[in-house]
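Q: Residue numbers (full-length UniProt numbering): 1 to 699.
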């Protein structure tokens with residue numbers, strides 16, 4: 001990188017390397033390359049004259065001869081001739097990229113992932129927050145890169161501890177240079193590169209939030225791992241063995257730049273020092289000098305979308321020391337404080353008694369949209385790779401329970417990584433549910449219990465995708481006998497039909513239920529098990545499919561086409577979504593051979609068999625469609641005006657084909673109902689697409 005060079009040094013660097021490349025062209029270039037060198041050799045003399053003309057001439061040559069075997073050498077000439085202290089020619093990147101490994105091939109297929117040590121680099125993850133108070137254990141437990149990678153050593157630094165590290169391992173001069181950096185991001189960049197060079201492993205910025213174990217990602221890399229996005233590279237996540245040559249070169253240029261700032265008594269400029277541009281420029285400079293990016297200096301590019309599947313860009317962990325300053329109660333992630341049994345920390349009562357490995361899904365293309373896309377995130381989720389973390393069964397002693405499955409320990413709200421846990425937390429912050437400090441009617445429970453209900457209780461769809469999989473996970477890990485010995489905590493107001501769902505689908509015995517008044521009581525359970533949810537923001541774990549397939553009859557072949565009707569339970573509409581063409585829609589379905597069925601009028605076992613026999617189901621968005629989980633073969637699912645991505649995400653793990661049509665418009669009435677309409681033309685297009693997909697699947 002030339003950012004710290006004077007103009008004289010820049011010209012010397014240009015002249016030195018231009019001469020090398022022109023000599024290479026004359027000696028071993030293609031015919032066209034030799035002609036270019038012969039024509040412009042005079043422009044590359046040590047006087048530095050004519051570099052602007054050389055740049056334009058070289059760029060024109062590349063337009064005409066981009067596939068020529070000498071194109072890369074000419075591209076290096078173009079790059080070097082145009083290099084300035086604060087800018088470079090971006091066209092060199094495509095040539096550089098040809099010499100770098102890609103991770104794409106490692107992530108084309110579904111695979112299981114687990115929390116394990118790294119294979120190719122030291123098992124170390126580090127982050128630095130120079131402008132924040134040093135994180136103690138409580139804050140570290142909230143950090144995703146820590147709690148998703150418990151098998152890996154995690155280190156967190158503030159400015160003081162980063163300075164001490166640099167002084168200890170690099171000496172006073174380097175530590176003094178660190179002190180002249182004037183922005184937290186640049187301070188973090190400098191330290192993370194220095195520590196990566198010495199110790200290897202992973203250096204990640206504070207906005208890199210781990211959502212799943214990253215061993216699969218890290219172990220796919222050769223040499224230095226860098227994230228690639230939008231035709232360029234990022235520096236927010238770097239992974240390398242210690243002493244990697246590219247990391248060494250980058251660190252040397254950072255030091256050189258700070259030396260210049262110290263000499264000239266100027267403040268470092270972030271763009272020139274350690275910005276994304278500066279990091280990429282360092283690599284391009286090395287490449288233009290003929291540095292080989294193979295063997296010892298190898299680099300692997302991590303596709304940005306694959307990276308995002310494991311690690312999310314978010315500021316939520318940037319200042320965890322201030323998280324609860326103005327909150328009425330402290331909050332902490334259960335996955336952070338609960339230790340795996342083999343690593344159990346004696347100061348923590350919580351532990352993980354068992355787990356199932358996580359899962360990685362490649363992008364899917366199972367969704368067809370008719371007309372305008374009014375909910376873009378549905379397709380965005382389906383088209384993006386996703387890593388779902390392992391499912392865990394947590395053991396908690398003296399667990400408090402209130403409201404919609406709010407779990408408490410020592411006055412702290414225990415966060416489960418789920419939308420429903422977030423809802424319960426928000427409701428408690430709003431004063432809807434008791435906190436431990438408010439509890440007056442405390443009920444002590446000495447019997448061992450399982451807490452697996454949430455804010456979606458009373459909703460059929462949430463039982464299918466939230467509560468039942470959690471109960472099933474507990475049974476899977478405990479075994480039938482140990483599971484049967486525990487109570488299942490549910491709200492006293494749980495409807496009778498929902499209890500029946502839990503008994504049949506969750507295989508819960510009547511005597512296992514422990515009812516509590518969730519609006520008035522506060523439970524204190526001596527020995528509680530809390531299963532994690534079977535999804536990551538409704539991107540589902542394969543266990544959900546595995547479990548429901550065990551309940552689905554295996555002696556059926558899907559042959560039926562059904563239309564799920566909502567009319568049977570909507571006679572007095574209040575605060576509901578009303579499809580104004582509902583009658584027309586159902587008539588169109590009948591004309592095309594669909595059986596129109598109100599599923600809630602059937603016993604649960606008949607519903608299961610009905611869906612198992614179904615090859616194609618259509619209907620309005622709602623819980624009834626989630627019953628597609630009873631079909632072990634996958635199906636075509638047509639959905640009218642979906643609001644969420646749950647159905648399409650279920651389709652992703654089942655191999656369903658989903659067809660969606662959104663409303664043309666909406667209106668509201670005095671009763672709070674939302675009326676929506678869809679044109680006849682779009683409905684016909686919807687049916688055409690559904691029938692086409694169904695025939696492609698089944699013939």
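For every residue, glycine included, the Cβ atom is placed at its ideal position computed from N, Cα and C.
Output yes or no for whether 9 Å exceeds the beta carbon distance between residue 17 and residue 80.
A: Result yes, Cβ atoms of residue 17 and residue 80 sit closer than 9 Å.
Q: Which of the three DSSP states, helix, strand or coil, is assigned to residue 469?
A: Correct three-state label for residue 469: helix.
Q: Taking residue 491 as part of the beta strand (DSSP E), name the residues at either end of that continuous run.
A: Residue 491 -> beta strand (DSSP E) spans 487-491.
Q: Would DSSP call residue 250 helix, strand or coil?
A: Residue 250 falls in the helix class under three-state DSSP.
Q: If you draw a straight line from the C-alpha of residue 472 to the C-alpha of residue 526, how long is it?
A: Taking the straight line from one Cα to the other gives about 22 Å.
Q: Taking Cβ positions only, does residue 107 come closer than 9 Å to chain D?
A: No chain D is present in this structure, which holds just one protein chain.
Q: Residue 528: buried (16+ other C-beta within 10 angstroms of its C-beta) or exposed?
A: Buried: at least 16 other Cβ atoms inside 10 Å.
Q: Does the distance from the CB of residue 207 to the CB of residue 317 come in under 9 Å?
A: Taking 9 Å as the Cβ cut-off, residue 207 and residue 317 qualify as a contacting pair.
Q: Please list, in chain order, all residues of the same chain as residue 241 whose beta carbon is under 6 Å from its beta carbon, the five residues on each side excluded.
A: Within the same chain, residue 241 has close Cβ partners 121 and 200.
Q: Am I right that residue 36 and residue 74 are in contact with their C-beta atoms under 8 Å? What's the rounded C-beta distance?
A: Right, the Cβ-Cβ distance comes to about 6 Å (below 8 Å), so this counts as a contact.
Q: Using 8 Å as the threshold, is the segment 100-119 in touch with the segment 142-158, meaning 3 or more CB pairs across them?
A: A contact exists between the segment 100-119 and the segment 142-158.
Q: Counting beta carbon pairs with one atom in the segment 135-146 and one in the segment 225-241, are three or more of them shorter than 8 Å?
A: Segments in contact, no.
Q: Just to confirm before moving on: does the CB-CB distance between residue 640 and residue 619 stay below 9 Å?
A: Yes, Cβ-Cβ distance for residue 640 and residue 619 is below 9 Å.
Q: Secondary structure at residue 345, three-state DSSP: helix, strand or coil?
A: Confidence at residue 345 is low in this model, with a pLDDT of 39, below 50, so the placement of that residue should be treated as unreliable; the coordinate-derived value is given next. Coil at residue 345, not helix or strand.
Q: Would residue 492 be called buried (16 or more neighbouring beta carbons within 10 Å of its own) or exposed?
A: Exposed, since its Cβ has fewer than 16 Cβ neighbours within 10 Å.
Q: Counting Cβ pairs, one atom from each stretch, are 3 or more of them under 8 Å apart for the segment 368-388 and the segment 324-336?
A: Too few Cβ pairs lie closer than 8 Å, so no.
Q: From residue 30 to residue 72, what does the alpha carbon distance come to, in whole angstroms?
A: If you take the alpha carbons of residue 30 and residue 72, they lie about 11 Å apart.
Q: If we count the other Cβ atoms within 10 Å of its Cβ and call it buried at 16 or more, is residue 599 buried or exposed?
A: The residue is buried, with at least 16 neighbouring Cβ atoms inside 10 Å.
Q: Given this structure, state the Cα-to-Cα distance separating residue 366 from residue 615, to the nearest angstrom.
A: About 15 Å.
Q: Would you kindly work out how many angstroms separate the C-alpha atoms of residue 563 and residue 586, rounded to a whole number?
A: Computed Cα separation, rounded: 7 Å.
Q: Can you list, in chain order, the residues of its chain whose CB lies under 6 Å from that of residue 489, leaving out five sequence neighbours each side?
A: Cβ neighbours of residue 489 beyond the five flanking positions: 449, 451 and 514.
Q: State the Cα-Cα distance for the pair residue 532 and residue 416, rounded to the nearest angstrom.
A: Roughly 7 Å between the two C-alpha positions.
Q: If you scan the segment 184-224 from start to end, which runs of the alpha helix (DSSP H) of 4 or more residues do you find wholly inside it?
A: Taking only runs of at least 4 residues, the alpha helix (DSSP H) segments lying wholly in the segment 184-224 are 184-199 and 215-219.
Q: Residue 89 to residue 82, Cα distance in whole Å?
A: Near 7 Å, if we compare the C-alpha coordinates of residue 82 and residue 89.
Q: Is residue 10 near the ligand NAP, going by C-beta to nearest heavy atom under 8 Å?
A: Among the components of this structure there are no ligands whatsoever, and the ligand NAP is therefore not found.
Q: Beta carbon of residue 673, beta carbon of residue 574: below 9 Å?
A: Against a cut-off of 9 Å, the Cβ pair of residue 574 and residue 673 comes out as a contact.
Q: Could you give the first and the last residue of the continuous beta strand (DSSP E) run that contains residue 398?
A: Taken as a continuous stretch (DSSP letters only), the beta strand (DSSP E) holding residue 398 covers 391-402.
Q: Suppose only complete runs of 4+ residues qualify. What are the alpha helix (DSSP H) ranges in the segment 362-391, listed by chain order?
A: Correct list: 376-383.
Q: Of the residues 657, 636, 638 and 626, which one's Cα is nearest the Cα of residue 646?
A: Comparing Cα positions, the closest option is 626.
Q: Among 26, 534, 103 and 255, whose alpha-carbon lies nearest the alpha-carbon of residue 175?
A: Checked all of 26, 534, 103 and 255; the closest Cα to residue 175 is 255.
Q: Residue 113 bridges to which residues according to DSSP?
A: DSSP lists 358 as partners of residue 113.
Q: When we look at the beta-carbon of residue 67 and count the other beta-carbons within 10 Å, is it buried (16 or more) or exposed?
A: Under this definition residue 67 is an exposed residue.
Q: Given this structure, state the Cα-to-Cα distance separating residue 348 from residue 405, to the nearest angstrom.
A: Here the model assigns residue 348 a pLDDT of 49, short of 50, so the residue's position is not dependable, and the following value carries that caveat. So the alpha carbons of these two residues sit roughly 22 Å apart.
Q: Which residues mark the beginning and the end of the beta strand (DSSP E) in which residue 677 is found?
A: Note, residue 677: beta strand (DSSP E), 674-677.
Q: Using a Cβ distance threshold of 8 Å, determine whether the segment 505-520 contacts the segment 380-392, with at least three qualifying pairs required.
A: No, the segment 505-520 is not in contact with the segment 380-392.
Q: Taking only three categories from DSSP, how would you classify residue 408?
A: Three-state DSSP puts residue 408 in a strand.
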